[in-house]
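Worksheet: the structure to be examined is printed underneath.
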Amino acid sequence: MGKGKCSSILAGVFSVIFILGSLVLPNVLPGAKAATGQAAKEQAGAVSADSVEEAGRNMQEMEVHFLDVGQADCILVSCGGHSMLVDAGNNQDGEMITAYLKEQGITELDYVIATHPHADHIGGLDTVIENFGIKTLFMPQKVHTTATFEDVIAAIENHDLSITAPKPGDTYPLGSSSFTILSPVKEDYGEELNNWSVGIKLVHGSNSIVMCGDAEEEAEEDICLSGLDISADVLKLGHHGSRTSTGELFLKTVDPKYAIISCGRGNDYGHPHKETLKKLSEAGIFVFRTDEQGTIILESDGKSLQFNAEPGTRE
Ligand SMILES: [Zn+2]
């Protein structure tokens, strides 16, 4: 079978899965609408001090783990017994990620986001699919022709999973936290796979975290122009701290206090690039790096944020 035929069949399979996905799953889960209603009430000042205090008492702790998967991304979010995985490292990381999730007591993932089809984001995803139930799986509507991508599609088919298309502005609940889809904003980014990245803003009480896979400056600017609120306390830098991401406008608009860089020690790309680190230091942003601090764990009680490591950067 020629390669062209193989990929066109794959594209066909993928679009069937996608159509099934959009039939099976609503774009917004019921809880998300409730959250919007609550937010609207708060803006109108209709929520009493008592109910704010009540919400504070019921706030479940949220943890975000930026796993040290070398030159790759893998982020686990858990809150009130619910969990989400954003990306799954390289191919060889699948077993380690599985073991890590099991150590956390996770048997099922409420959400999995495969930000984009590059191997350093979906490599271990087939192993994750083999080991955990997944309720909602987000992937951008972009196929790729690598064996890694085909392995993921095969695992999705074997487990009868459907794919939910990410729609900017849609909000989903995760325990006491919620996340809003930020990207991809445009329907087509051609062969620029990084720009197809599914981006989210995760909100827990007054704390928020933005992470947009490997989205580069062009896609970041689309996010800025989308009208969504992307200001956040923490920014997981795009594309492992490459100079092609974290553009001036995007960084200024997110305006984070903390930056997380997921990259491998001595990687071939020179990530994070010096220009990016300079921008962060000029803006007074504290930097955490998986190549220096290993797995970074952030804890939120809805008001304050705590990290398992001291920020810092090696020259
Ligand atoms: Zn990447």
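Take -6 as the starting number for the sequence shown in this note's numbering and just add one per residue. Note that beta-carbon positions come from the ideal geometry of N, C-alpha and C, so glycine has one too.
Non-local C-beta neighbours of K135 in its own chain, meaning closer than 8 angstroms and more than five positions away in sequence, comprise H109, P110, Y182, L186 and W189, ordered along the chain. Separation of the CB atoms of I254 and L291 is rounded to 14 angstroms, and the pair is thereby denied contact status at 8 angstroms. For D261, the distance from the CB to the nearest heavy atom of ligand 1 is not below 6 angstroms. Taking the C-beta atoms as reference points, S171 is found nearer than 7 angstroms to V196. Put simply, the residues with a CB less than 5 angstroms from any heavy atom of ligand 1 are D113 and D207, in chain order. Looking only at T100, F59, E210 and G73, the smallest Cα-Cα distance to D80 is reached by F59. Beyond the five residues adjoining it in sequence on each side, T141 comes within less than 7 angstroms, by CB distance, of N84, A112, I115 and G116 in the same chain, given in chain order. Following the DSSP letters along the chain, one finds E96 inside the alpha helix (DSSP H) bounded by residues G87 to E96. Excluding its 5 nearest sequence neighbours in each direction, Y93 has C-beta neighbours in its own chain below 7 angstroms: L60, listed in chain order.
Here L242 has E213, E214 and C217 as same chain residues with Cβ atoms under 8 angstroms from its own Cβ, once five neighbours each way along the sequence are excluded. In chain order, N187, D207, E209 and S238 place their CB closer than 7 angstroms to the CB of H232, counting only its own chain and leaving out the 5 sequence neighbours on each side. For L102, the enclosing beta strand (DSSP E) has its first and last residue at E101 to I106. Nearest neighbour of T129 by Cα position, chosen from G240, S176, H75 and M89, turns out to be H75. Residue state for T288 is assigned as coil, using DSSP reduced to three classes.
Ranking G257, T91, T283 and D226 by CA distance to the CA of I202 puts D226 first. Residue pairing by DSSP places Q299 opposite E292 in a beta bridge.
Looking at L228, I99, I106 and V121, the one whose alpha-carbon comes closest to that of K160 is I106. By the Cβ test, the region 247 to 266 is in contact with the region 53 to 73, since at least three Cβ pairs between them sit closer than 8 angstroms.
At a Cβ-Cβ threshold of 7 angstroms, L273 and A252 count as neighbours. If only uninterrupted beta strand (DSSP E) runs of at least 3 residues are considered, those enclosed by the region 111 to 182 are 126 to 131, 164 to 167 and 170 to 176.
Residue range N200 to M204 is occupied by the beta strand (DSSP E) that includes I202, with no alpha helix (DSSP H) assigned at that position. Counting along the chain, no beta strand (DSSP E) covers S238, and no H or E run does either. Within its own chain, the residues whose Cβ lies closer than 6 angstroms to the Cβ of Q53, once the five positions on either side in sequence are excluded, are C72, G73, G168 and S169, listed in chain order. For A252, the uninterrupted beta strand (DSSP E) segment begins and ends at Y251 to I254. Closest option to A302, judged by alpha-carbon separation, among R236, N200 and T288: T288.
Annotated as distal: N151 and L298, with beta-carbon spacing of 7 angstroms or more. Assignment of beta-bridge partners to C217 by DSSP yields no partner. In the structure shown, E56 falls within a strand segment according to DSSP collapsed to helix, strand and coil. Checking the DSSP bridge columns, you'll see R282 partnered with I254. Looking at the DSSP output, H197 shares a beta bridge with N200.
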